[in-house]
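In UniProt numbering, the protein residues as written are 1 to 132.
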């Protein structure tokens, strides 16, 4: 069985007086889901490069990659998908809706975990918090 190789980011920031951690979730209208920015590797592309590119394409933000987070494996339309994730923080840019992503929400960890559409993404919330 072919493995689909992908990369993504768990984009986070500190917010408010208490400097609480907030996570950025993206909404993809094609699937009507909430997830983290991610996507398939292009030919010859490395995982880190793909993570940076996908973060920019889906959020309009350039990001700095941080700690590696757990790799996720799951079945996607009959194929195994392997997504390597990194924590990431925003360097520049602001979100602009596009054809792939029509909304971005910054949420506290508990709310982000509840809004995420897929169970395999929820574990990344805990992994990120443990890595900080």
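Every residue, glycine too, gets a C-beta built ideally from N, C-alpha and C.
Residue range 3-15 is occupied by the beta strand (DSSP E) that includes residue 14. The residues 23, 109, 112 and 113, in chain order, have a CB closer than 7 Å to that of residue 125 in the same chain once the five nearest residues on each side in sequence are set aside.
Just measuring C-alpha positions, the residue of 47, 101, 76 and 102 sitting nearest residue 120 is 76.
As summarised for the segment 36-70, the continuous beta strand (DSSP E) elements at least 3 residues long and confined to that stretch are 38-40, given in chain order. DSSP places residue 94 outside both helix and strand once states are collapsed to three, so it counts as coil. For the pair residue 49 and residue 17, the Cα-to-Cα distance works out to about 34 Å. In this structure residue 41 is not in contact with residue 97, their Cβ atoms being roughly 25 Å apart against a cut-off of 8 Å. Contact between residue 116 and residue 12 is ruled out by a C-beta separation of about 14 Å, above the 8 Å threshold.
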